[in-house]
Each structure stands twice: as C-alpha cells, then as structure tokens.
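2 protein chains.
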Amino acid sequence: MDQRPIAVFDSGLGGLTVVRALRDRLPAEDIVYLGDTARVPYGSKTPETVKRFAREICAFLLRMNPKCIVAACNTASAVCLPELADEFSAPLIGAVTPGARSAVDASNPGDLLAVIGTEATIASNAYRNAIHTIDPDRPVVQVACPLFVPIVEEGVSATDPIVNMVIDRYLAPMRRLKPAAVLLGCTHYPIIHDAIAAYFGDNVTLIDSGDATAQMADAILTRLGALSDLRGRGSLHCYVSDHPRRFQAVGSHFLGEPIPDVVRVCPEELARDAERVLPTVPRASA
Amino acid sequence: MDQRPIAVFDSGLGGLTVVRALRDRLPAEDIVYLGDTARVPYGSKTPETVKRFAREICAFLLRMNPKCIVAACNTASAVCLPELADEFSAPLIGAVTPGARSAVDASNPGDLLAVIGTEATIASNAYRNAIHTIDPDRPVVQVACPLFVPIVEEGVSATDPIVNMVIDRYLAPMRRLKPAAVLLGCTHYPIIHDAIAAYFGDNVTLIDSGDATAQMADAILTRLGALSDLRGRGSLHCYVSDHPRRFQAVGSHFLGEPIPDVVRVCPEELARDAERVLPTVPRASA
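Sequences listed follow chains A and B, in order. Heads up: the first sequence runs through residues 134 to 419, numbered per this note's numbering. Heads up: the second sequence runs through residues 134 to 419, numbered per this note's numbering.
Here it is, written out as structure tokens:
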C-alpha cells in the first residue's frame with residue numbers, strides 16, 4: 134500500500150484527459166498535475182527543447198514525493214523516454230508503450246495500424262518503433278496533424294465544420310489506406326474523438342493513448358503493491374505555469390468535472406529546481 | 134550618425150514581417166532579431182507571463198548595445214509598453230501606437246475602425262486606447278482571432294479554403310458593421326493579407342501595423358540623428374530559443390529573402406541575463 138500521489142504532467146490542458154481516465158480507473162488515488170501552459174505547445178518544438186522542459190518538470194514533481202510520474206504528454210513521451218526514466222528515482226510512465234500495446238491488441242496480425250500525433254511525436258517514430266517491438270512485421274502509417282491542438286485549445290466543438298475540414302486535409306490519404314485501427318497519439322485528440330471516428334467510419338477502431346496510459350499505470354502500481362488503500366475519492370491538485378483561470382475554465386471540459394484547485398508556478402523556478410536536483414543537466418545549444 | 138544595430142523581437146517568426154519593412158525602408162541598418170520560438174505563442178498567455186518573457190528578451194538584446202529596441206510582437210507591445218520602456222535605457226518602440234496612428238490617418242473622422250489581433254492584444258484594449266488618445270470620438274470594434282497564428286505558422290496558404298472558413302468564423306460580425314479600415318494587429322496577419330482584403334472587399338483599407346512600426350522607427354531615429362551612414366545593405370543576425378532550421382525555412386517566407394545566420398539561445402539564459410541586468414525584477418505569482 135502506498136498513499137503517495139501519482140504525478141502527471143503535460144504541456145498544457147490535454148493531459149487532463151489522462152487524469153480523467155486515471156480517476157475513473159483508480160478513484161482513491163491522490164493526483165498532482167502540472168500543465169506547462171506558459172510554454173505550450175510542445176509538439177512543434179525540437180526534441181532538445183521538449184527534453185529540457187520535461188526534465189525541469191520531473192524535478193519539480195519529485196518535490197512532492199510521488200509514487201510514479203505519468204508523462205501524459207505524448208510528445209514528451211515520444212522524445213524523452215526512456216532517456217529521462219533513467220535519470221529519476223520514481224517510475225516514469227509514458228504514453229507511447231501503452232498506446233502501441235493497445236493498438237496491437239485491438240487488431241489482427243497484418244492489419245494496418247495508423248498513428249496520428251504532433252509533428253515532434255511523428256518525427257520521432259516512437260510509436261512506429263514501439264509497435265515494431267511488439268510485432269516487427271506490422272505495417273504502420275503515421276501522419277502529423279499540427280492544427281488539431283490549437284483547434285482543441287481554442288474550444289472549437291467536434292461538430293464544427295472547421296474540424297471536419299482540417300481532419301479531411303490531414304487524414305484523407307490515410308483513410309484511403311483503410312487502416313484497421315487509428316491510434317490517437319496526443320492527449321488533445323480525444324476531445325474530437327467523435328469527429329475522427331465518423332470520418333473513418335464504423336470499421337475502424339480508435340485507440341485513445343490516454344486510456345491505455347491509465348491502464349498501464351494501474352498495472353504497474355498493482356504489480357508494485359503501490360495502490361492506495363484510502364477510502365473515498367482521491368484529491369486532485371493542479372499546477373500551471375500560466376493562466377489559472379483559463380486552465381480551470383477550459384480544463385474542466387477535458388477533465389469532465391470541475392477543477393477544484395490550481396496553483397501557478399514559474400517556469401524559471403522549475404528550471405532552478407532542476408538544477409538543484411540534477412546539477413549535471415546538459416545545456417541545449419544550437 | 135549611429136552605426137549600432139536596431140534590435141527587434143517577437144514571440145516567433147511573425148516579427149520578420151517587421152524586419153522586412155525595416156530593411157525596405159532603412160536598408161543600411163544592421164539588425165539583430167530575437168524570436169522566442171521555444172515559448173511561442175504569446176497571444177494566448179497572460180499579461181504577466183508575456184511581460185516576464187519580454188523583459189528577459191530586452192535584457193538579452195541590450196547586451197548587443199542596440200540604438201533602439203523594436204517590440205515587433207503586438208501582444209508584447211499591447212501588454213508591456215510603456216511600462217517596459219521605463220525600465221530600459223534604449224528607446225523601446227512598440228507596434229500599437231504606430232498602428233493606431235496609421236489607422237486614424239487612413240480614415241475620416243467618424244469612420245468605424247476595426248482591430249484584429251491575438252486574445253491578449255484585444256483583451257488589453259491597447260489599440261482602442263491608442264486610437265482614442267488620437268481621436269477620442271472614434272468608434273472602434275475589436276475581434277480576437279486566435280487560430281490565425283497557428284494557421285500561418287503551419288504554412289497554410291492564403292488561398293486555402295481553411296483560411297477563408299476561419300476568416301469568416303471570426304470576422305463575419307465585424308464585416309456586417311462595414312468598417313472603413315481594418316488594422317492587422319499581429320505580425321502574422323500580413324501573410325494572409327490578401328485573403329482578409331478579399332473578404333472585406335474593395336471599400337475597406339487594411340493597415341499593417343508592421344509597416345507603421347517601421348515608419349515610426351525611421352521617424353524616431355531620424356529625429357535623434359541616429360541613422361547609420363554606412364553604405365551597402367545592413368547585416369541581419371537572428372537568434373531563436375528553438376528550431377534554427379524551421380525558423381530559417383518558414384521565416385524566409387515572412388522575410389522575403391533567405392535568412393543567412395541563426396543562432397540558438399536558451400530561455401533560461403535569457404532569464405539569468407534579466408536578473409543580472411535587473412536585480413529587482415518582480416516574480417510572477419498566482
């Protein structure tokens with residue numbers, strides 16, 4: 134039994150879809166969440182920059198003595214793991230391995246798997262590599278959808294014609310290939326799940342990497358005997374690097390319940406924390 | 134005569150449209166440019182966060198001993214000036230006052246002026262206030278267009294149907310009011326100038342705040358006797374906080390010429406610089 138919180142981080146609001154899945158599955162667990170809203174988005178930035186941000190955030194979260202850290206952010210998961218996992222004492226659970234496992238399990242050998250995500254996630258080939266670790270012969274097609282995140286952050290509804298126009302722009306060549314399953318490799322995409330599902334039609338299974346990540350966290354904590362034995366609903370404490378109000382307003386839509394408590398923290402403080410905890414962090418250069 | 138460079142900064146690529154206007158107007162001037170591509174966009178973030186970033190950047194640029202600093206970024210201009218101008222020794226030229234002056238000059242008393250910009254720029258009311266300083270009775274209508282920046286950063290062409298659909302979404306209520314002039318209050322918007330112009334039709338004048346800013350910089354440097362008397366074309370040195378390659382590739386489209394030289398700098402280094410130069414910078418809090 135372990136009453137310590139589960140720490141979750143994301144570039145912004147999107148990771149709250151993973152928090153929602155965790156709270157559905159493990160309602161007694163306390164959760165601390167950090168959304169790096171001052172530096173969002175991550176998906177259009179270089180792996181070096183995303184790594185630096187993720188390292189600072191993990192160092193910050195370790196101050197709260199979590200039993201594990203969930204990198205809800207697919208971009209960070211794709212470009213930093215397992216490198217970052219080696220640096221920290223708490224187990225670091227990313228979105229890519231569980232998402233890949235879920236997609237393989239939901240389809241038959243030889244079926245085409247499709248992966249959609251941010252530019253950085255797709256460029257990393259992390260999902261393709263994770264799928265091939267499980268099934269080396271599996272055909273995989275990947276497409277980056279850079280406008281999905283701003284459209285979702287903007288609060289555009291899934292039924293809006295703009296959403297369908299952008300979906301068609303990015304996904305028409307992929308649909309033509311008739312994949313068996315489409316892996317939503319970004320925490321923002323579940324918000325437009327229904328529009329993507331309607332676009333691909335009934336024969337295509339959509340895989341939410343956030344659900345898969347929550348399932349993996351459950352399995353790991355169960356194996357470690359580290360689930361909480363507290364009764365009642367666990368607490369949720371959120372930290373953001375900008376905009377507590379916007380995060381609360383838009384985020385409750387992602388979380389599916391009101392967000393009770395949001396504290397603002399400074400990116401510079403995160404950076405300084407990282408240096409105290411990790412004095413040998415390499416500096417990024419051109 | 135003053136051979137020192139003109140410093141220009143923006144949240145990312147957009148400010149290169151202002152650099153283009155400066156180089157057209159003042160070809161002999163050396164220019165140093167900083168694009169904060171690791172933390173772009175600014176327009177959806179709070180004034181406190183944008184001020185902190187802008188203050189760090191100004192402190193960094195002062196190391197290069199510029200004769201003036203141009204805040205090409207409309208969001209930073211709207212939320213930080215004149216507060217930031219009081220902190221620094223070099224003249225700080227923002228986009229808002231010149232844009233407002235240009236819009237008033239291009240229309241008749243009583244004509245409706247329309248302003249479009251980021252959420253932060255519109256929420257600040259900076260353009261409305263600047264217009265009313267010049268002409269207190271001028272009717273002004275303002276609309277935030279949050280998706281324009283990601284669409285332009287994405288490299289979507291001005292003739293793309295997505296651009297027209299998003300323009301119609303944001304600007305239909307404004308067009309119905311028949312403004313005399315529309316002020317493009319964001320450095321990214323000149324890239325979709327033609328689509329916005331076609332949407333409003335021939336009777337509406339579009340004002341580019343970037344052109345107006347370059348004109349104001351010219352006027353201020355002329356008045357101070359601080360123009361360069363060097364022959365030939367001035368140099369351009371660019372610094373970015375992420376992605377030198379993407380900045381060079383997409384940025385040349387904004388600049389209208391190849392970008393010769395891009396150096397990467399760390400946001401954390403900017404922050405430390407700011408603390409050395411400005412030991413009393415207040416820390417942001419929730």
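No residue lacks a Cβ here, since even glycine has one placed at the ideal position from N, Cα and C. Only a predicted model underlies this, so the values are computations on that prediction, with no experimental measurement involved.
- Contact of B:R271 with chain A is not assigned, every C-beta pair being separated by 8 Å or more.
- Under the 10 Å beta carbon count, B:M134 is surrounded by fewer than 16 other beta carbons and is classified as exposed.
- According to the DSSP assignment, A:F380 belongs to the alpha helix (DSSP H) that extends over P377 to L388.
- A:S177 is classed as buried because its beta carbon has at least 16 other beta carbons within 10 Å across all chains shown.
- No Cβ-Cβ contact shorter than 8 Å links A:Y175 with A:L369.
- Among the residues facing chain A, B:K178 is included, as its CB has a counterpart in that chain under 8 Å away.
- Counting the other CB atoms within 10 Å of its CB gives A:D238 a total below 16, which places it among the exposed residues.
- With respect to B:A233, B:A263 sits close: the two C-beta atoms are nearer than 8 Å.
- Under the DSSP assignment, A:L316 falls in the beta strand (DSSP E) whose first and last residues are A314 to G318.
- Taking the CA atoms as reference points, A:G288 sits about 7 Å from A:V383.
- The criterion of a C-beta distance shorter than 8 Å is not satisfied by A:V296 and B:I295.
- The contact set of A:P294 on chain B, defined by CB atoms closer than 8 Å, consists of M298 in chain order.
- In this structure, A:A205 lies away from A:V285, with their beta-carbon atoms at least 8 Å apart.
- If you check the CB distance, A:L363 and A:A161 come in under 8 Å.
- Nearest CB-CB separation between B:H326 and chain A: not below the 8 Å threshold.
- What A:L280 touches in chain B, judged by beta-carbon distance under 9 Å, is L280, P283, I284, E287, V289 and I295, going in chain order.
- Three or more beta-carbon pairs separated by less than 8 Å are not found between the region 179-197 of chain A and the region 304-313 of chain A, which leaves the two stretches without contact.
- Counting only the Cα atoms, A:A211 lies some 21 Å from A:D351.
- In the structure shown, B:Y175 falls within a coil segment according to DSSP collapsed to helix, strand and coil.
- Chain order gives the chain B residues near A:H376 as K178 and T179, where near means a beta carbon separation below 7 Å.
- In this structure, A:N258 keeps its C-beta atom at 8 Å or more from the C-beta atom of A:V229.
- Taking 8 Å as the cut-off, the Cβ atoms of A:H326 and A:L317 count as close.
- Any Cβ of chain B closer than 8 Å to the Cβ of A:R196 would place that residue at the interface, and such an atom is absent.
- In the structure shown, the three-state DSSP call for A:D341 is strand.
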